[in-house]
Each structure stands twice: as C-alpha cells, then as structure tokens.
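Engineer:
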Amino acid sequence: MTSLFSDNNYEIEAHDFKPNACGTARPYIKSELKAGMKLHALHVEPGTKQLVKFNFNGGEIPATFIHGLHVKDQPEKTLVITAGVHPDEYPGIAALVRAANKINPEKLHGHLLLFHCVNLPGFWARSRFVPEDGFNLNSGYPGKADGTLGERIANFFVTNIFPQADFILDLHSGSPTERLTTCLFYPEDARADVRETAFNAAMATDIPWVLASHAKDGEYSYAANYMNVPGLLLERGYAGQCREEWIHGFERDIALLLKHLGMYSDLPELTNIPPCRKNICAHTFYLESRHTGLWYPDENIVNSIMEGRIIRKGSRLGHIENFYGEFLGDYYAESDGIIFYYTSGLAIREGDLLVAYGLLN
Ligand SMILES: [Zn+2]
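In structure tokens:
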C-alpha cells in the first residue's frame, strides 16, 4: 500500500474520543500525527474511538475511527462508511454523525472507518461538486495523487482506505433538484463473489428497491469493480431536506449491516424489526434530455413517486419548453416501471438526466 503522507498531500489530526455525561461526543486528548506518517500509524487501541480530521490542502474530512474490543472466532473486518460524497445530500451525513456517537467500541468486533462528510468544501458551499475544480466525487475515480483537490481526495481513498476495507457503504440522497424513491445500487458487473457479497448485504438493509448498477468510476463502484471490495450505494430522502425519518432509516441500515457482517448486534432498537421485503430491478432506464430548456415533469410522475406507484409504458413523463414558452418536446415512458428519481428543477440541458426508472419486465 502506498501512502500519500510521504508527499505532503495531506496530514491528519486525531483526538481520542469519550462520550461526556450526556452521551455527546467530546474530544479529550489530542495526538498529533504529522505528514509523512502512514495511515496505520493512526493506531486506534481496541475498545476506543478516535475523532480524525484529514487535512488536504484546501479541504478536510471529518471522520471517526472505531476499533472494537469484542473478540470472536472470526477475523476482524473493516467496514468503511462514507457520507457527503455529494455534500448537498444531508440525511446520510446526519446519520453517520449519530452512528459515530452511538456505537460502543466495547461491543464492536472489527474496525469502523466513518467519513462523516467526504466533500466538506462542497458542503459549506452548498454544492454537489468540489468547488475548487467541479469534481464529482461519485465519478472520476481513481483520481490522481498530484491532481486537483477532488482528484486527490478520490486518490486518497483508492490508495489508503479501500485497500483496508472489507466492505464499503456510501450514503446518498436525491439532490435539491431531485425527487427519489428509497433505493440502493449494488455492483452487478463486479467479480462474482464480490457481487454476491454486496447483493447479500443489500438484502439485509431496510431498502425496498435493489437496483443492479453498471457504474464503475464512482466511489464504491470503482472499489467493487477494480479492487474487488464489495459495497453498496444507498439512497434515502430528497430535495435537499434532512427529515428525521430518513436519518433514522440510514441509522437502521447501518445497524442492520453491522449485524449482517457479524460486527455488532447491540442496537436492538434499530434491528429488532426485520428488514423490509425487496424488489429487485435488473435493468434501470435513464431518460436523458434531448433539449436545453425548461423541464416540466407531469403530475403523473410527481404523484407516482410519492405513492410508490408503477408508471405504464407510453404514459407522458413531462415536456420541455424554451424561455419564450415555445414547446420543444414531450417525454414518454418506454416501459412499465417504477420511477427511482427524477429531476424536479426547471433547468435542463441537453444530455441531463430527466427520469430514472426501473424496468419490471
Ligand atoms: Zn448522490
């Protein structure tokens, strides 16, 4: 494993972690880790948590590393969970902050690396991308060690984090201009055992729609397809909101996955109810715009996504006009399916995604 520490691309700060009397996170001892040290130099004692801050030149990532004390016959696994890859998708960020506080290291078996917000500059800028370079951290992997900030962050995960991971969970939501059905993606094209591990984990979550993904250059998808690390991308919530039900849903997914991986089973309030039934969707259709203009989705799809209702082949999904109100084109469903997400915002450029739906037949 190569380390970026040696070329001063970033440095890390770590704090020991102990909950205060109210159960809230509170750093209490600061241990300095200098540029040039390898990641495993950030030694987390069994049974403890460390609050970690990765400082990139121009960005930082808040994280919590937890090393379990609980001993089992099986070897220790490392689960990496990320949120804020798209930093305008909030429920996953809030859920990871809570999970980092809630998980008791004495009852954990293995290692948890929780990255609370991967794109922090984008979070403060309320942007979907890395503001410095417009980089989308869910594509463009593997990045570059000497590239722009977004490329360096991607490369940091490829060189330092993924090689240690047994499983990767990446938390997303619909963006401020998207509506979305709760769903997840698993790496359909990965090596058979990687695909199967990811698919079995998907069955353990509380997400009803399980979609086969053919992406290969996103965060978890790069790790699955090119590094043979199984993982999932989960989607809950939309429209730039951070509702309690979505945060709680992600907390439950995390707890169910930890239980499934044999790492933690002491969150009965989150895992006592069995996960929901699943609908598996092997083919997803992405309808792209043929026009640049003002996109008006039909009430039909607006309502179908709220009701979890199937749209029928041939039904109109919406239309596009120009700024003078002149009609540019209609868009229709090419198959029966359930809409997983659609762009609710008015602004659409040619090639932008309008509607993503799953084919049921
Ligand atoms: Zn996203």
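Take any residue in the sequence shown, count from 1 to its spot, add 97: that is its number in this note's numbering.
All C-beta atoms in this analysis are idealised placements derived from N, C-alpha and C, irrespective of residue type, glycine included.
Model, not experiment: these values are computed from the prediction.
1. Leaving aside the five residues before and after L451 along the sequence, list all residues of the same chain whose C-beta is less than 8 Å from its C-beta, in chain order.
2. Would you tell me roughly how many angstroms separate the C-alpha atoms of F226 and Y361, rounded to the nearest one?
3. So what's K356 in DSSP terms, helix, strand or just coil?
4. Using a threshold of 7 Å, is the CB atom of E316 nearer than that to any non-hydrogen atom of ligand 1?
5. If the criterion is Cβ atoms closer than 8 Å, does the pair Y454 and F382 meet it?
6. Going by beta-carbon coordinates alone, are L277 and I178 separated by less than 8 Å?
7. Using a threshold of 7 Å, is the CB atom of N235 nearer than that to any non-hydrogen atom of ligand 1?
8. Would you mind sorting F424 into buried or exposed? The rule is 16 or more other CB atoms within 10 Å of its CB.
9. State the start and end residues of the unbroken beta strand (DSSP E) segment that holds Y383.
10. At 4 residues or longer, what runs of the alpha helix (DSSP H) sit wholly inside the segment 396 to 446?
11. Strictly by DSSP, which residues pair up with F232?
12. Going by the beta-carbon positions, is the gap between P372 and T302 smaller than 8 Å?
13. Pick helix, strand or coil for K146, following the three-state DSSP scheme.
14. By a C-beta neighbour count over all protein chains shown, 10 Å radius and 16 as the cutoff for buried, is Q171 buried or exposed?
15. So what does DSSP say about H137, is it helix, strand or coil?
16. Could you tell me whether the segment 272 to 286 touches the segment 315 to 332, where touching means 3 or more Cβ pairs closer than 8 Å?
17. Please name the residue or residues paired with Y283 in a DSSP beta bridge.
18. How is E341 classed by DSSP in three states: helix, strand or coil?
19. Between the beta-carbon of G426 and the beta-carbon of H388, is there less than 8 Å?
20. Assign D185 to one of three DSSP states: helix, strand, or coil.
Structural biologist: Reading off the structure:
1. Result list for L451: L384, E385, S386, W392, P394, L414, G415, Y428, Y439, T440 and I445, in chain order.
2. C-alpha separation (whole angstroms): 34 Å.
3. Helix.
4. If you check the C-beta of E316 against ligand 1, you find no heavy atom less than 7 Å away.
5. If you check the CB distance, Y454 and F382 come in under 8 Å.
6. No, these two residues do not count as a Cβ contact at 8 Å.
7. For ligand 1, at least one heavy atom lies less than 7 Å from the Cβ of N235.
8. F424 is classed as exposed because its beta carbon has fewer than 16 other beta carbons within 10 Å across all chains shown.
9. Looking at the DSSP string, the run of the beta strand (DSSP E) that includes Y383 is H380 to E385.
10. 396 to 404, all fully within the segment 396 to 446.
11. Within the DSSP bridge table, the entry for F232 names V227 as partners.
12. The Cβ atoms of P372 and T302 sit closer than 8 Å to each other.
13. Strand, per DSSP.
14. Q171 sits exposed, since fewer than 16 C-beta atoms from the chains shown fall within 10 Å of its C-beta.
15. Residue placement at H137 cannot be trusted, given a pLDDT of 48 that sits under 50; the coordinates are not used to answer.
16. Verdict: yes, contact present.
17. According to DSSP, which records beta bridges pairwise, Y283 is partnered with A309.
18. The answer is helix: DSSP assigns E341 an H, G or I state.
19. Their beta carbons are under 8 Å apart, which means G426 touches H388 by this criterion.
20. Three-state result, D185: coil.
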